[in-house]
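Numbering (my numbering), first residue to last: 1149 to 1448.
What follows is the structure in structure tokens.
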């Protein structure tokens, strides 16, 4: 049995897979936002409860919104900032008395969708999570490309490419300004909408207003499609994937899949763009399945 855990900004989910990848159990709890020890407790409790219900122990794979530093062995680059600098892998292994494999959550998402999901027929895949943050993961021939610094695919912490008409300069938690994440994440979209209109609203509310014909929301989403197209065009120019799969809460915006490919052609360095933009087959559970596959699916 393989256990996969997705440690997200708002929820922690666990899935149990048997030998033929049948889901035996899936559960989720709210993330203890801001509290490291409570986060450990929640993960360990989910593992123990799952194993008790199924009556079997399993391997443990964990997807996190960051990476494990090769220099320190501790968490780096996490938008769940309370994880940064912590020995998450060591602490979990001590509590669970077994090896725990950890990968970036976007890498887990990309692995899942490339292996059996929306991009299962593609050799090269870029998996994107646009939700609380804006992560990315690269898969080639069914294997995660982690990179020399464990940051392959982290497009969200480059500046948005090509001239941007916005006056709002937003600081990112990473210490830089105007990272792609500050444009494309749900929180970034909400902040920019507030700057432009003075109104508070989640990304979901902005999309709902757009569909109701609310002009400020329509203008904001029109710009959002351009931001997404620019960001993905820069990735296509470097990695040139066959398929880009969107995940996270904002991947549920249906308009993205028609508007963004129409727009990215003007920034891609090619006379045609055959890269496909697809929604996830496994929805918001894709990452947790990829985490379970850290045992047995292979990675680079």
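Using N, Cα and C, we set each Cβ at its ideal position, and we do this for glycine too.
Quick caveat, the model's predicted, so the values are computed rather than measured.
Between residue i and residue j, which are expected to be in contact by the criterion C-beta below 8 Å, what is the C-beta distance as a whole number of angstroms?
i	j	result
residue 1398	residue 1351	6 Å
residue 1223	residue 1236	5 Å
residue 1333	residue 1279	7 Å
residue 1326	residue 1335	About 14 Å; that fails the 8 Å criterion.
residue 1260	residue 1435	7 Å
residue 1191	residue 1160	6 Å
residue 1153	residue 1162	5 Å
Which residue marks the beginning of the alpha helix (DSSP H) containing residue i, and which one marks its end?
i	result
residue 1151	Counting along the chain, residue 1151 falls outside any alpha helix (DSSP H), though it belongs to the beta strand (DSSP E) covering 1150-1155.
residue 1207	Segment 1207-1212 is the beta strand (DSSP E) holding residue 1207; no alpha helix (DSSP H) there.
residue 1272	Not the alpha helix (DSSP H): residue 1272 falls in the beta strand (DSSP E), residues 1272-1278.
residue 1218	No alpha helix (DSSP H) contains residue 1218, which DSSP labels as neither H nor E.
residue 1198	1184-1202
residue 1164	Note, residue 1164: premise wrong, no alpha helix (DSSP H); beta strand (DSSP E) at 1159-1165.
residue 1395	Residue 1395 -> not in any alpha helix (DSSP H); beta strand (DSSP E) instead, spanning 1391-1395.
residue 1302	Counting along the chain, residue 1302 falls outside any alpha helix (DSSP H), and DSSP gives it neither H nor E.
residue 1425	Residue 1425 -> not in any alpha helix (DSSP H); beta strand (DSSP E) instead, spanning 1424-1426.
residue 1353	1351-1359
residue 1245	Run containing residue 1245: none; DSSP gives neither H nor E here.
residue 1344	1334-1345
Quick check on the DSSP output: the beta strand (DSSP E) that includes residue i runs from which residue to which?
i	result
residue 1282	1282-1288
residue 1252	1248-1252
residue 1371	It is not in any beta strand (DSSP E) - residue 1371 instead sits in the alpha helix (DSSP H) that spans 1363-1387.
residue 1434	Premise fails: residue 1434 lies in the alpha helix (DSSP H), 1434-1440, not in any beta strand (DSSP E).
Between the Cα of residue i and those of the options, spot the shortest distance and give me the residue it belongs to.
i	options	result
residue 1181	1189, 1174, 1175	1189
residue 1344	1323, 1205, 1363	1363
residue 1391	1218, 1286, 1199	1286
residue 1266	1432, 1428, 1307	1428
residue 1206	1401, 1214, 1194	1194
residue 1196	1170, 1386, 1246, 1323	1246
residue 1384	1171, 1273, 1172, 1228	1273
residue 1369	1434, 1331, 1164, 1176	1331
residue 1200	1226, 1173, 1213	1173
residue 1228	1241, 1179, 1269, 1262	1179
What's the C-alpha gap between residue i and residue j?
i	j	result
residue 1329	residue 1281	6 Å
residue 1220	residue 1234	10 Å
residue 1243	residue 1158	23 Å
residue 1321	residue 1338	16 Å
residue 1239	residue 1251	16 Å
residue 1155	residue 1248	14 Å
residue 1410	residue 1379	14 Å
residue 1373	residue 1167	41 Å
residue 1276	residue 1348	26 Å
residue 1149	residue 1375	41 Å
residue 1402	residue 1184	35 Å
residue 1213	residue 1319	19 Å
residue 1365	residue 1407	16 Å
residue 1444	residue 1361	48 Å
residue 1175	residue 1419	46 Å
Report yes or no: is there a C-beta of chain D within less than 9 Å of the C-beta of residue i?
i	result
residue 1236	No chain D is present in this structure, which holds just one protein chain.
Take every Cβ of the stretch 1281-1296, pair it with every Cβ of the stretch 1401-1418, and state whether three or more of those distances are shorter than 8 Å. These segments do not touch.
For the stretch 1431-1440 against the stretch 1255-1274, are there 3 or more C-beta pairs whose distance is under 8 Å? Yes: at least three Cβ pairs fall under 8 Å.
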